[in-house]
Structure formats: structure tokens, C-alpha cells
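Peer 1:
In C-alpha cells:
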């Protein structure tokens, strides 16, 4: 999906709320950039980079551990984060901060019973965004 078109759709759904649109756009940019691996691919990337305890807290039914923008960079890798930042038009630091704010809730929301769902990240992300808007 063309992210410009997607951003327009999200912007219209949010009624032009610029800050919130940028936040949701950041998480959706990550989801579209990682969609090939699905949720498991995203979780595996963070686990392989030493962040398994944090990720497990989001999937589990207990308290979600926070994640820092620096840990987002570690989990995604600098190259991927830079690429996603370029695509989104946001500085990498700002994008990683936004992702750190939304990713724990996103993963927690799509894994309510502690089970990682099948399906693409973009599809699940749209469901998450719709839940944030209602």
C-alpha cells in the first residue's frame, strides 16, 4: 500500500489531528516495513537483539514493560530504523520515540490472550488504529 495514500486515509479518519496522525503514521510505517515477517518476525527481531523479556511482557497477560527509543533502535536495527525514518519523513530519533510509545500497547492489544495472531502486521495494525479511533 502506498504510505502517502495510507497517511491521507489516517489523517482523514483522525480529522486532521496532526500530532496523533504522526504517531500513528510512525507505527504504521514500521508495520508496513516489517510486514513480510508478520508479528512473529517483529517479535523475533527484538528477541534476537536481547529484548526478549520486554517483548514477552507485551505478549503475556501481565504488566507491560516500557521500552526506550534506544531499545527500539536495537530491536529493529539502525539500518532498518533509518530506512523507515526516511520513508516516513521523520527523524530516526523521533520515529523511535513514537514507536516506543505505541508498540507495547499495539502488541498487547493484538495478543489479548497471550497468543501471537496469524496475519500480516499491516492488517493487524489497521485493526489497532481503528480501535484507537473508536
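Numbering (my numbering), first residue to last: 496 to 629.
From the three backbone atoms N, C-alpha and C, an ideal C-beta is built for every residue, glycine too.
Here the structure is a predicted model, which means the values were calculated and not measured.
Measure the beta-carbon distance from residue 570 to residue 601 and round it to whole angstroms, keeping in mind my assumption that it falls under 8 Å.
Peer 2: Locating residue 570 in the chain shown gives position 75, where the first residue counts as 1. Locating residue 601 in the chain shown gives position 106, where the first residue counts as 1. Incorrect: roughly 14 Å between the Cβ atoms, too far for contact.
Peer 1: Please determine, among 562, 608, 603 and 584, the residue with the shortest C-alpha to C-alpha distance to residue 592.
Peer 2: Stepping through the chain shown from its first residue, residue 592 is reached at position 97. If we check each option's Cα against that of residue 592, 562 comes out closest.
Peer 1: Helix, strand or coil for residue 516, going by three-state DSSP, please let me know.
Peer 2: Counting from one through the chain shown, the residue named residue 516 turns up at place 21. With a pLDDT of only 48 at residue 516, under the threshold of 50, the placement of this residue in the model should not be trusted, and no figure is reported.
Peer 1: Would residue 573 be called buried (16 or more neighbouring beta carbons within 10 Å of its own) or exposed?
Peer 2: By 1-based counting over the chain shown, the position of residue 573 is 78. Classification for residue 573: exposed.
Peer 1: Looking only at its own chain, which residues have a Cβ that is under 6 Å from the Cβ of residue 565, when we skip the five neighbours before and after it?
Peer 2: The residue you call residue 565 lines up with position 70 of the chain shown. No residues qualify anywhere along the chain.
Peer 1: Could you tell me the boundaries of the alpha helix (DSSP H) in which residue 608 lies?
Peer 2: In the chain shown, the residue the question calls residue 608 occupies position 113. Annotation for residue 608: no alpha helix (DSSP H) segment contains it, and DSSP assigns it neither H nor E.
Peer 1: Can you tell which of 590, 581 and 538 has the C-alpha that lies nearest to the C-alpha of residue 568?
Peer 2: Numbered from its first residue, the chain shown carries residue 568 at position 73. Looking at the Cα atoms, 590 is the closest of the given residues.
Peer 1: Could you tell me the distance, in whole angstroms, from the CA atom of residue 581 to the CA atom of residue 588?
Peer 2: Mapped onto the chain shown, residue 581 falls at position 86. Mapped onto the chain shown, residue 588 falls at position 93. If you take the alpha carbons of residue 581 and residue 588, they lie about 12 Å apart.
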